[in-house]
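Step one of this worksheet: look at the structure below.
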Amino acid sequence: MSYDYNALVTNLAAIRSKLSKASVDDDTNQKYVELLQESIQLFDELSGHCPMTPLLWMQYAHDMGQLMRSLNSKEAHQTRLQTLELGLNEFPGSAVLQLHYCELLVSTLNDSDTVDDDTLTTVQQALQSALAQVGSGSHANEGEIVAQLYRVQAQFCLKHVGRDAALASLLQRARTPLGTANEGLLPEIKDFLAKHKTALPDQAFEAAVDDARRWESKAFSRLRPCEEEVTTAMHQEQILVQNTVDFVPDDNDDDDLYVTTRQSFVDAVLLPPNEQPRFWMGLGGALTAKAFLQYVAACRKFRFPKEEEEEDGDPKQVDPNNNHKKQQQQLILAVLERAIAECPTVESLWLAYLKHLTWLWVNDPSHAPSPMAFKAVANRAIRNCPFSLAVAQQQLHVCLLLSNSNSKDHDALLLDPDELLQMVNKALNTKFLPLPAQALDLFVTAIRVMQRRILTLMATTVVGLEIPTAAHKKKKQKNALVVLPFDTAELVPNNKNKQNATDPPAAAAVKKLDDESWQEVQDLCEEIRDMFDAAAARLQKDHASWTHGRAILQHQRSLVEQHVLVPLLQNNNNNNTDSSNDNGDSKNNHKDVLAHFEKVIRLHNPPHPDSYRALIQYVLQHGSSTNNNKSPGDVVSRLRQVRGLYQKAVQSVGAPKPSRAVTSGMREYETALAALCHDYQEFERIFGSEPSLANATRMMHKKLQKAAGGGRHQSEKEKSSTKEQEEAMDIDQHAAEPKRKRNESNASESQDPPTKKQKKEANETTAAAAAATTTTDKPAGPANQPKKHHKVKIGHIFHRAHPFTVRISNLADETEEMDMIEFFKNEHKCGAVVHCRVQREKQLNAKGGKPGASKGWGLLQFEERESVEQCLALDQQVVLNDKTLRIERSHVPAVGLVPPGMHRPKHSSSKPKSTTDQAGEDKGTKPSNSEQRTKPPAPKKETKGSSSVTVLAFRPRGVGKKQNGPKRSKPKVKLAMPSDKSNEPDTK
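Residue numbers 1 to 988, in UniProt numbering, belong to the letters of the sequence shown in order.
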């Protein structure tokens with residue numbers, strides 16, 4: 001699915017600019033009709049690739065109406081309205097699109113002599129729906145557009161409904177924040193009523209308008225800073241509506257009430273003569289999206305005032321029929337829809353919108369949208385953001401959420417595996433998700449959606465011991481056996497706590513699934529296996545060389561088969577038979593094993609992570625029930641018990657005391673805790689839900705932070721105590737020295753200072769001892785071991801890999817050197833690049849220096865070894881020019897000699913040596929840095945009684961000591977020095 005959006009829009013603007021200059025009145029003009037047909041073809045092509053913007057929908061409807069006008073004006077008007085309805089389904093939060101549709105719809109009533117009741121009902125519902133979308137306070141910086149929409153509704157109500165309905169519409173306008181559009185509202189209302197020859201409002205209505213204005217000022221005062229932030233962001237991104245577009249109707253002409261049908265609006269917006277305007281084109285970016293998200297966050301904390309007080313202090317309800325909670329949710333949805341209309345391609349907006357609808361569906365079903373509306377929002381998100389993996393995964397989660405609905409307000413939809421597979425294939429076929437890891441994640445998400453549906457169905461058949469919360473402990477409530485959701489934690493039954501005979505046993509089936517639900521479980525089990533097969537086939541087809549991804553998929557399948565599918569399909573739904581024939585020995589053995597595990601946990605204080613990990617693995621494999629005749633519901637109970645053990649383990653494990661740190665057969669605490677947290681996270685990813693995974697991540701993060709902080713604190717204490725002990729030991733040793741030795745040291749300090757010869761011998765002895773110490777007394781740690789050199793196999797011969805160069809293959813023909821440098825250095829932050837070279841075919845007798853065709857591979861040389869490792873990690877994970885790159889080590893550098901200034905200075909011997917240093921060491925002309933540090937400086941040769949400086953003593957590079965020609969005497973320049981005997985050098 002390849003297309004150039006900017007090129008299509010540019011061609012469209014050029015054609016429509018010619019349309020504005022052509023003759024509009026002459027319908028027989030062949031050139032005008034051809035331009036219209038060409039414009040409509042471009043609109044069809046653009047809408048086939050991606051959703052159009054509000055302005056493009058209005059222009060598309062205008063051109064369709066003009067093309068159909070020569071055939072039949074009624075059909076032309078109807079076609080234009082139908083096109084605008086398609087645009088409203090995509091962007092219901094666009095105020096100008098709502099206004100344009102309503103004005104065209106109301107104008108049909110004025111053109112016809114007789115109007116039936118169905119048409120009036122349609123127009124009235126359209127006006128109410130438009131004001132519900134944009135008239136709740138979300139379009140304050142587009143107040144003139146919303147005010148015009150209220151004017152259209154008031155005029156419609158005045159002509160076809162009644163005066164009271166028109167006044168109610170104008171009063172609702174006073175309660176809506178519209179910026180400067182509501183200034184002078186009362187005089188405008190009086191002029192409007194006088195113009196339509198209707199009685200003027202009384203004092204009570206004027207007082208109600210004043211009260212509504214005061215309520216609006218008080219209620220929306222906290223949201224005005226957010227509105228200003230949105231206005232500023234839109235102005236910076238140049239998408240704010242310009243002042244050249246006038247939405248105020250002409251008071252002197254009745255026919256000029258509908259502003260979007262005027263010729264001035266058509267010339268400025270629908271048929272722009274010069275260039276396409278930027279507003280209403282969906283060009284909002286990250287800045288505007290961030291401002292809208294802050295607006296939504298403020299709306300969630302916002303509460304509408306319920307009451308106002310009169311002057312005498314008595315409370316007065318402004319609107320007794322107003323549901324403030326519904327009004328708040330309506331405001332949040334309106335802000336989100338407007339954000340989508342301005343920034344339709346920003347991923348974060350769609351994710352926030354879908355998560356808010358999910359929250360409403362779970363926590364507030366009465367204000368949640370219908371299932372079809374919820375699904376429509378998810379489909380719109382995919383059409384506008386086909387490049388987002390997170391949006392595609394959220395669409396799959398929406399299907400699961402709708403199928404698990406237990407609300408009385410909405411009916412649950414059936415989870416269709418074929419629909420899930422169709423969503424996955426559609427997202428991958430668009431080529432906007434080209435990476436193999438993205439395809440794997442999308443398939444795994446679809447599999448987990450079906451698996452969670454199975455666990456949800458089976459969770460209704462079993463009861464479990466609920467883990468007591470803080471509220472239970474505060475109220476001193478006992479643990480109750482209740483029906484738990486599949487993603488909650490469950491206590492493992494304790495043998496010490498004896499249950500009453502009347503209580504149902506833990507993990508026992510309390511009811512059977514009906515035949516329809518059990519059939520759905522069996523079908524989903526088979527569909528999961530089919531989905532695994534489809535995922536493996538897709539990865540084999542598109543990414544045949546990525547064996548690591550297929551291994552991950554197979555690992556996921558083995559876990560699901562072991563813990564979910566096989567236990568469910570081995571047992572039928574009606575196997576809850578009497579357990580009197582069970583083997584007593586197996587029961588006792590099972591109890592003994594659990595008792596041993598629990599005893600190990602109790603003996604460690606605090607418990608060690610490996611103790612809990614062993615118990616969790618046993619329960620995950622065998623369960624905690626002693627009944628051999630297991631039911632399918634035991635699968636859910638076992639997973640909930642494992643979740644409870646994980647939560648208890650994360651909360652209770654701790655580091656052992658220093659005196660008890662030595663444990664046999666157990667790892668270090670930090671290593672064991674990291675492994676436990678990793679297992680817990682993987683368990684929730686496979687067998688949990690989004691809330692349970694978030695809860696697990698929060699618990700693990702808190703535990704790991706505490707462990708890291710405690711470790712640092714303990715290490716600092718140990719360091720300080722060790723230092724104090726060493727100082728105390730030094731003091732004790734000094735005090736315990738014999739008196740004779742101390743006297744000898746004092747006597748040696750009182751002797752004469754050593755001579756130069758003695759100093760020289762002492763320096764040589766010290767250097768030799770230091771060299772011996774560095775070679776013999778170094779610990780055998782990994783830092784002092786010889787570095788491993790990677791090998792590259794060429795044919796049957798292994799070559800030593802170059803430490804700074806990688807070989808990149810599967811390059812596109814058009815890929816240049818600068819493309820590779822920009823891709824790895826700036827986009828993927830691999831590090832500074834020394835040189836890049838694309839291998840090309842040789843061209844014989846090539847004129848003009850034209851490079852040959854690319855061979856499809858090249859070399860990239862970095863400055864640091866770490867950059868090479870980062871680049872190798874991107875092997876078959878990145879795409880450049882529609883090609884998945886293959887990255888491996890190279891035994892050949894990209895450039896033979898690093899140019900001066902292109903390598904980093906070497907400050908220590910631990911850093912990699914430059915090419916020139918390596919060459920010098922191979923020739924044996926340069927000593928190493930350690931030798932330079934340990935070798936004492938050579939004594940200078942000086943002549944007696946003179947101090948001279950030789951000008952030509954420093955030979956340039958390349959000039960040897962011996963020359964073939966006759967020896968020439970070097971001129972010496974002697975500097976005159978003062979004849980001071982005190983300055984003469986010592987010749988002894």
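Quick reminder that beta carbons are idealized off the backbone N, C-alpha and C, glycines included.
Residue i and residue j look like a contact to me (Cβ under 8 Å); what is the Cβ gap, rounded to whole Å?
i	j	result
E154	F192	As written in the sequence, residue 154 is Ala, which differs from the Glu given in the question. Indeed, because the Cβ distance is near 7 Å, the residues count as touching under 8 Å.
V838	T815	7 Å
R602	L676	Not a contact, Cβ separation roughly 18 Å.
K703	V650	5 Å
G644	E866	Not a contact, Cβ separation roughly 43 Å.
R383	I332	Actually they do not touch by this definition, with Cβ atoms about 23 Å apart.
Find the nearest neighbour of residue i within the set the options, judged by alpha-carbon distance.
i	options	result
S637	G623, R69, Q647	G623
L36	A289, A61, A352	A61
M450	D592, L421, L428, A289	L421
H235	Y258, F302, E342, I189	E342
Q647	D523, Q681, V635, A655	Q681
P273	R640, I15, D813	I15
N881	D610, R173, F432	F432
Q556	I447, F265, P51	I447
N425	V444, L413, L414	V444
Q562	K159, F687, D592	F687
A708	T697, E670, L693	E670
L455	L46, W857, G795, L639	L639
D118	Q327, H160, V241	H160
Anyone know if the C-beta pair for residue i and residue j falls short of 8 Å?
i	j	result
S138	C157	no
V296	L354	no
L392	A427	Leu is not the amino acid found at residue 392; the sequence shown has Ala there. A contact, by the Cβ cut-off of 8 Å.
A459	P485	yes
A334	Q621	no
W280	V96	yes
V152	L127	yes
R80	G65	yes
C525	L568	yes
E216	R175	yes
I189	P177	no
A672	P632	no
P696	E684	Checking the displayed sequence, the identity of residue 696 turns out to be Ala instead of Pro. Contact: yes.
Once the 5 residues before and after residue i are set aside, which same chain residues still bring their CB inside 7 Å of it?
i	result
E520	L457
F954	Reliability fails at F954, whose pLDDT of 42 lies under 50, so the model's placement of it is uncertain and the value that follows must be treated cautiously. Result list for F954: empty, nothing under 7 Å.
N13	Checking the sequence shown, residue 13 turns out to be Ala, not Asn. Only E275, Q276 meet the Cβ criterion.
L271	R16, L19, S20
C385	T345, E347, W350, V391
V123	L105, V106, L109, F156
I821	V833, C836
A534	L421
C226	Q294, Y295, A298
L413	P371, L402, S403
T10	none
S809	G856, W857, R886
Near residue i, which residues of its chain fall below 6 Å by C-beta distance, leaving aside the five closest residues on each side in sequence?
i	result
A368	L360, W361
P505	Because P505 sits at a pLDDT of 42, beneath the cut-off of 50, its placement in the model cannot be relied upon, and the point is left open.
H100	M58, T260
Does any residue of chain D have a CB that is nearer than 8 Å to the CB of residue i?
i	result
L553	In summary, chain D is missing from the structure at hand, where a single protein chain is found.
Within the same chain, show all residues whose beta-carbon is closer than 8 Å to that of residue i, passing over the 5 residues directly before and after it, in chain order.
i	result
H543	P436, A439, G549, Q876, T884
N581	Confidence at N581 is low in this model, with a pLDDT of 44, below 50, so its placement is unreliable and the value that follows should be read with caution. No residues qualify anywhere along the chain.
V868	P803, F804, T805, V806, F862, R889
N6	none
A22	N29, K31, Y32, L35
A853	D813, R840, E841
M531	P417, L420, L421, F443, A446, I447, M450
Should residue i be listed as close to the ligand COA, given that the test is whether its C-beta is under 7 Å from any heavy atom?
i	result
G852	Summarising the ligand content, the structure contains no ligands, and the ligand COA is consequently not present.
Every unbroken alpha helix (DSSP H) within the segment 47-113, with a cutoff of 4 residues, ordered by chain: 54-69, 73-90, 95-111
Unbroken stretches of the alpha helix (DSSP H), 4 residues or longer, contained in the UniProt domain "RRM" (804-892): 817-821, 865-872
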